[in-house]
Structure formats: structure tokens, C-alpha cells
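Worksheet: the structure to be examined is printed underneath.
Residue numbers (the working numbering), protein chains in the order written: chain E, 362 to 473; chain Y, 44 to 155.
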């Protein structure tokens, strides 16, 4: 069960949109895509999740390709406080949702 | 609600010592999990529980024991600490059908 693939690091200017890609070519039909972030050494924080439709909440938007093999997390107006490690995780939910598999994530640095 | 709480925040152990990391949640969540995070790495699942009296192993269970006698508490026991167990430990919980997994602030453990 391969983990997802993300770029090691990305930079973004404050106020601009941050687009974080994720490859999950081995995703199963019943698996969702979840995004979490970890600021400094705090516990991870849930951002958003989706199955096949695009999703939006107060924090971010999630764009999933039609074949579901990749997705993009969009932070529409990045701030310095969005500097964090962002994790893209595929998980079937239900009883397996307690068993998240984290990769190394993308270190997003937002510059003034 | 206090959310997910973990004690202690920091701990130094000598090789061979045993100790218990405490985790408690006041949200009446059924699912609870323990993860460890080594420097520069993503989180790895140690043990998880889908309800009181029910536990199962995760990706890296060796050297750790858990029990779940109440919904609120999910302690993690190190039987005989080893330097390889130096890490940051995170506890997490979520409710049945919930989409958000809540993480505690972490316990930083150093084994000498």
C-alpha cells in the first residue's frame, strides 16, 4: 500500500495562493484524500478531505483529478502562519481512519 | 472541552526503564490512536483503539503496550525503554463517522 508522493518543499509569497500537489496513483475506489498540516512541532491539524468531487471549506480548497490519481490543496491567500508541513494522506475512512499513514509531507514556507 | 491532553510534555529515561505516557480526551470519542514522530519524518502509527476494551497494532508496535479500559483514556506503556524509542509521541482521537482526527500536543521522550 504505497504512500502518497509530495514535493519535499515549496515557497509562496504572502497573500498569494499556495498550490500543493499530491500524487496518489495507487488510490483505491473507497479511499478518501485527507490533508493535514503540522505547524512547528505541534500535533497535526485537519484541513480538508474529499473522495472525488472538489471540496472547499474555510481553510482551503481541494481539487481532485477526474481519474483520482492526484490532487491539489489550495490555500487561497497564504499568510505567514500557514508556514507548516503539509501531509496528503489516502485513507478508506470508517474503522481504518484511526490508522493514518503519514509520508514526509511538503514543507511550505510563506515569505513576506 | 480540553480536547486531547497528553502528559508529561517532556521525559528523560535511562535505557531499560519503563514508563507510561498518558492520553485523555473529553469529547467522548470512540477512536484513539498513538503515533510516534522521529526527526524529519512523518508520523507512524503505534497502536490504536476503536472503543473501550478493543485495541490493535499499528505499523510500529514493538516495545509498546496499550489498554483501553475507559472511553476517555488511552495510555501507552514503554516496557523497557531503548534509545531507538527517542521520539515525539502524539495521541489522537475522533468520533465515529467524524471527519476530523484531533491530535494532542505531544510528549517528547529522550532515552539515554
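Backbone N, C-alpha and C define an ideal beta-carbon position, used for all residues, glycine too.
For the stretch 137-152 of chain Y, the residues whose beta carbon sits under 7 Å from a beta carbon of chain E are, in order, 137, 142, 143, 144, 146, 147, 148 and 149. Residue 385/E and residue 365/E have their C-alpha atoms some 5 Å from each other.
Distance from the Cα of residue 375/E is smallest, within the candidate group 452/E, 441/E, 469/E and 446/E, for 441/E.
The shortest C-alpha to C-alpha distance from residue 465/E to any of 77/Y, 85/Y and 145/Y is the one to 85/Y. Under the criterion of beta carbons closer than 8 Å, residue 80/Y and residue 133/Y qualify as touching, at roughly 7 Å. Under a criterion of Cβ atoms nearer than 7 Å, the residues of chain E adjacent to residue 101/Y are, in order, 460. Contact annotation for residue 432/E against chain Y: no contact, minimum CB-CB distance about 16 Å [criterion: below 9 Å].
With contacts defined by Cβ atoms closer than 8 Å, residue 380/E and residue 435/E form a contacting pair. Take residue 393/E, set aside five residues on each side of it, and the residues of its chain with a beta-carbon closer than 8 Å to its own are 410, 411, 412, 451, 452, 453 and 454, in chain order.
For the options 433/E, 368/E and 403/E, the alpha carbon positioned closest to that of residue 417/E is the one of 433/E.
The beta carbon of residue 445/E is closer than 7 Å to those of 398, 399, 400 and 469 in its chain, skipping five residues each way along the sequence. Within chain E, the C-beta atoms nearer than 7 Å to that of residue 85/Y come from 448, 463, 464, 465 and 466, in chain order. Residue 66/Y and residue 427/E have their C-alpha atoms spaced approximately 40 Å apart.
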